[in-house]
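Report on the structure given below.
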Amino acid sequence: MENSGAEKSKYPIGFYIGCLTYSFERFAFYGTKPLLVLYLTAAVANGGLAIPKAQAAIIAANFTAYTYIAPLIGGYICDKWLGARYAVTLGCIIMGIGYLMGWKSSNPAVVNMVDPAYGLYASYIRSLGVKNMASINMMIYIVSIGTGLFKGNLAGLMGRMIEDDSKMDAAFSIQYSFVNIGAFFGSAIMGVAYMQFFKKGLMLGFREVFLFCAVLMFIGGVAFTASYKLLHGQGRLPFKYLTDAKGNVIGEAEKSSGSKSSENKGVKLTKKEINGVIAIIFVSFVSIIFWTFYEQQSSALTLYAADNVDMTLGAIKLSPVHVFTTWNGLLCIFMSLGAAKLWATLAKRPQGDLTMFQKVTIAFAFLGLAYTVLIFMELARGGGSNKASVLWLLFFGILLTTGEICFSPLGNSFVNKVAPKKYLSLLLGVWIFATFAANKLTGYVQGVIENYGFMQTIVTFSVVSFITMVILFALSKPLNKLVES
57 MENSGAEKSK
67 YPIGFYIGCL
77 TYSFERFAFY
87 GTKPLLVLYL
97 TAAVANGGLA
107 IPKAQAAIIA
117 ANFTAYTYIA
127 PLIGGYICDK
137 WLGARYAVTL
147 GCIIMGIGYL
157 MGWKSSNPAV
167 VNMVDPAYGL
177 YASYIRSLGV
187 KNMASINMMI
197 YIVSIGTGLF
207 KGNLAGLMGR
217 MIEDDSKMDA
227 AFSIQYSFVN
237 IGAFFGSAIM
247 GVAYMQFFKK
257 GLMLGFREVF
267 LFCAVLMFIG
277 GVAFTASYKL
287 LHGQGRLPFK
297 YLTDAKGNVI
307 GEAEKSSGSK
317 SSENKGVKLT
327 KKEINGVIAI
337 IFVSFVSIIF
347 WTFYEQQSSA
357 LTLYAADNVD
367 MTLGAIKLSP
377 VHVFTTWNGL
387 LCIFMSLGAA
397 KLWATLAKRP
407 QGDLTMFQKV
417 TIAFAFLGLA
427 YTVLIFMELA
437 RGGGSNKASV
447 LWLLFFGILL
457 TTGEICFSPL
467 GNSFVNKVAP
477 KKYLSLLLGV
487 WIFATFAANK
497 LTGYVQGVIE
507 NYGFMQTIVT
517 FSVVSFITMV
527 ILFALSKPLN
537 KLVES
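Residue numbers (the numbering used here): 57 to 541.
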C-alpha cells in the first residue's frame with residue numbers, strides 16, 4: 057500500500073511546502089539584495105540615503121556575507137536544542153522584522169524638505185542619515201540571524217522527508233528550481249516596483265520594497281506554520297535525534313557517532329587524507345577569487361551601470377537589477393538544464409566526463425572573458441558622460457553565468473567527499489569562511505575603483521582570472537590525483 061501511495065505522489069506534500077517556503081524567502085532576499093546598494097547611494101530627494109559609493113558597497117556586501125556565516129550558528133542550535141520546523145517559523149518572523157527595519161530607515165516627511173528653499177534643514181537631514189544607517193545595519197544583522205535559523209535547517213527537514221536516498225539528488229534539484237524561481241521573480245518584480253508601482257513623484261520606492269518583503273516573510277512563516285501537520289512528523293525534535301521518513305525517533309546521532317569519535321582520537325591522517333586537506337585549502341582560496349569577482353555584479357558593477365550605461369532596450373526601460381540579478385537568474389534556469397545534459401553526454405565518452413578541476417579551469421576562462429567584454433565596453437563608451445549600450449552587460453552576463461555553471465560542482469559536496477571524517481566540520485567551516493570572505497571583499501572593490509579607476513580594475517580582474525585559469529590547467533591532473541580516492 058505504501059509503495060502504491062509513493063507512485064501517486066513522488067515526494068511528500070510537506071516537501072513541496074518546504075520548496076514554496078524557500079521561494080518566499082529567496083523572493084524577499086533577491087528583491088532586496090540588488091536594490092540595497094542603489095538605495096544607499098541614491099540622492100535623498102530620490103528616496104535614498106546619499107551615502108558615498110565606497111561605503112555603500114561595503115555595507116551592501118555585508119548583507120550577503122553575514123547570511124553565509126549565520127547558518128553555522130543556526131545549524132548548531134537545531135542540532136542540539138531546537139526542532140527545525142520551529143526554527144524555520146522563527147527565522148521567517150525574524151527576517152520579516154529585519155526587512156521592517158529597512159522600511160523604517162528613511163523618513164519621507166523629512167526627505168520631501170530637500171529643496172534649495174530648505175537649506176536650513178541640510179544639517180538635520182545629515183544627522184538623520186546616522187539614524188537611517190543604524191536601521192539599515194539592524195536590517196542586515198536581523199535578516200542574517202533569521203537566515204541562520206531558516207536556511208540549512210529547512211533543507212535538513214526536507215531531506216528527512218525523503219524515504220529513498222536514491223531520490224535525494226532529484227528531490228533537491230526540484231528544491232533548487234524553486235529557489236531560482238523565487239530569486240528570479242523577486243529581482244524582476246521588485247526591480248520594476250521600485251521604479252514604477254511604488255514611486256511617488258521623484259521618490260523611488262525603495263522603502264516600499266522592504267515593506268513588501270517583510271509582509272511576504274510573515275505570510276511565508278504563517279503558511280509554513282499552518283502546514284506543520286503535513287511535515288510527516290519531521291522537525292519536532294533537534295537533529296541529534298535520528299528519525300525515519302515518518303518522523304519516528306530511531307536513534308540519537310550523538311550516541312551513534314560517539315564511539316567513532318573516540319576511535320578517531322590519536323589516529324594520524326593518512327597521506328591521502330593529508331592530500332585531501334591540501335586540496336580543500338587550495339580550492340577554498342581559488343573560490344575566494346572567483347566569488348569576489350563574480351559578486352561585483354551586485355555591487356560595483358551595479359553602481360557603474362546606474363551612471364554609465366544606457367539602460368533602455370528598445371522601448372523598455374531596465375534597471376541595473378534586471379541587467380544583472382534577473383538576467384543571471386533567468387540564464388541559470390535554462391543553462392543549468394543545458395549543462396546537466398552536456399555533463400551527462402560527456403560522461404558517456406570512453407574517457408568520461410570532465411573532471412571537477414577541468415570544469416573550474418573553464419569557469420575561470422569564462423570569468424576572464426566576461427571582464428574582457430567590460431574592457432571593450434569601456435573603450436567603446438569613450439569615457440566622460442558618454443553611456444555604453446546595455447547589450448554589453450547582457451553579453452557579460454551570459455559569459456559570467458556560464459562560468460558560474462562550470463564552477464558550481466565545487467562546493468560542500470566536494471568537501472564532504474574529500475575531507476577526513478574526523479575534520480569534516482572544521483573543513484566545512486573553512487569552505488564557508490572562504491565564501492564569507494569573498495562576499496566581504498566584494499564590498500571593498502568600489503573603493504579600489506575610486507582610487508585606481510574602473511578600467512584599471514577590470515583589466516586586473518581579467519588578467520588575474522586568466523592567470524588563475526593557467527595555474528589550474530597546469531595543476532588539474534595533480535589535483536585530480538589528490539582527490540581520486
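We put the CB at the ideal spot given by N, CA and C, even for glycine.
Measuring CB to CB, does residue i end up less than 8 Å from residue j?
i, j, result
"phenylalanine 206", "glutamate 81", "yes"
"threonine 97", "alanine 121", "no"
"alanine 494", "glutamate 329", "no"
"methionine 367", "threonine 458", "no"
"alanine 426", "leucine 456", "yes"
"valine 539", "valine 471", "no"
"proline 476", "leucine 298", "no"
"alanine 249", "glycine 261", "yes"
"phenylalanine 492", "isoleucine 125", "yes"
"serine 229", "asparagine 188", "no"
"isoleucine 336", "leucine 483", "yes"
"glycine 429", "phenylalanine 413", "First, the residue type needs correcting, since residue 429 is valine and not glycine in the sequence shown. Contact: no."
"threonine 417", "methionine 525", "yes"
"glycine 453", "leucine 398", "no"
"aspartate 135", "lysine 285", "no"
"tyrosine 67", "alanine 227", "yes"
"alanine 395", "isoleucine 334", "no"
"phenylalanine 119", "phenylalanine 349", "no"
"leucine 94", "alanine 362", "yes"
"valine 515", "isoleucine 431", "yes"
Note the first and the last residue of the continuous beta strand (DSSP E) segment covering residue i.
i, result
"threonine 299", "297-299"
Could you round the C-beta distance between residue i and residue j to whole angstroms and report it? I think they count as a contact, below 8 Å.
i, j, result
"cysteine 148", "glycine 277", "3 Å"
"threonine 498", "valine 504", "Incorrect: roughly 11 Å between the Cβ atoms, too far for contact."
"methionine 259", "tyrosine 155", "At roughly 19 Å, the Cβ-Cβ gap does not stay under 8 Å, so methionine 259 and tyrosine 155 are not in contact."
"proline 294", "threonine 203", "Not a contact, Cβ separation roughly 19 Å."
"serine 79", "phenylalanine 254", "Not really, about 21 Å apart at Cβ, beyond 8 Å."
"methionine 246", "valine 271", "Their Cβ separation, rounded to whole angstroms, is 13 Å, which puts methionine 246 and valine 271 out of contact at 8 Å."
"leucine 210", "alanine 116", "Contact flag wrong, Cβ pair sits at about 25 Å."
"glutamine 502", "leucine 359", "6 Å"
"serine 191", "glycine 158", "7 Å"
"glycine 212", "glycine 130", "Wrong, their Cβ atoms sit about 10 Å apart, outside the cutoff."
"leucine 214", "histidine 288", "According to the sequence displayed, residue 214 carries methionine and not leucine. At roughly 10 Å, the Cβ-Cβ gap does not stay under 8 Å, so methionine 214 and histidine 288 are not in contact."
"isoleucine 198", "isoleucine 150", "6 Å"
"isoleucine 237", "tyrosine 500", "The Cβ separation is near 32 Å, so there is no contact."
Got a sec, what are the start and stop residues for the alpha helix (DSSP H) residue i sits in?
i, result
"alanine 356", "356-364"
"glutamate 460", "446-463"
"glycine 503", "501-508"
"valine 271", "262-282"
"asparagine 118", "109-136"
"tyrosine 142", "140-159"
"serine 343", "327-350"
"valine 416", "412-437"
"tyrosine 78", "69-97"
"asparagine 384", "383-403"
Would you decide whether residue i is buried or exposed? Buried here means 16 or more other CB atoms lie within 10 Å of its CB.
i, result
"arginine 263", "buried"
"isoleucine 73", "buried"
"proline 534", "exposed"
"threonine 401", "exposed"
"alanine 403", "exposed"
"valine 377", "buried"
"arginine 405", "exposed"
"glutamine 290", "buried"
"methionine 224", "exposed"
"alanine 239", "buried"
"tyrosine 508", "exposed"
"isoleucine 614", "The displayed coordinates of the chain run from 57 to 541. Any statement about residue 614 would go beyond what the structure contains."
"phenylalanine 346", "buried"
"tryptophan 487", "buried"
"lysine 109", "buried"
"threonine 375", "In the sequence on display, residue 375 carries serine and not threonine. Looking at its Cβ environment, which holds 16 or more other Cβ atoms inside 10 Å, serine 375 is buried."
"isoleucine 196", "buried"
"alanine 490", "buried"
"glutamine 252", "exposed"
Exercise for the section: Report yes or no: do three or more beta-carbon pairs, one from the region 264-283 and one from the region 144-158, lie closer than 8 Å? Expected result: Counting Cβ pairs under 8 Å, three or more are found: they touch.
Exercise for the section: Indicate whether the contact test is met: 3 or more Cβ pairs, each with one atom in the region 410-423 and one in the region 512-522, closer than 8 Å. Expected result: With a cut-off of 8 Å on Cβ pairs, the region 410-423 is in contact with the region 512-522, counting three or more such pairs.
Practice task
Report yes or no: do the region 435-449 and the region 524-531 share at least 3 C-beta pairs separated by less than 8 Å?
Solution key: Taking 8 Å as the limit for Cβ pairs, the verdict is that the region 524-531 does not touch the region 435-449.
Exercise for the section: Mind the definition here: the region 87-107 touches the region 366-385 only if three or more C-beta pairs lie below 8 Å; say whether that holds. Expected result: Yes, since at least three Cβ pairs between the region 87-107 and the region 366-385 fall closer than 8 Å, the two stretches touch.
Problem - Validate contact between the region 355-362 and the region 334-341 using beta carbons, cut 8 Å, 3 pairs - result: As far as the Cβ criterion goes, the region 355-362 does not touch the region 334-341, which means the pair count is below three.
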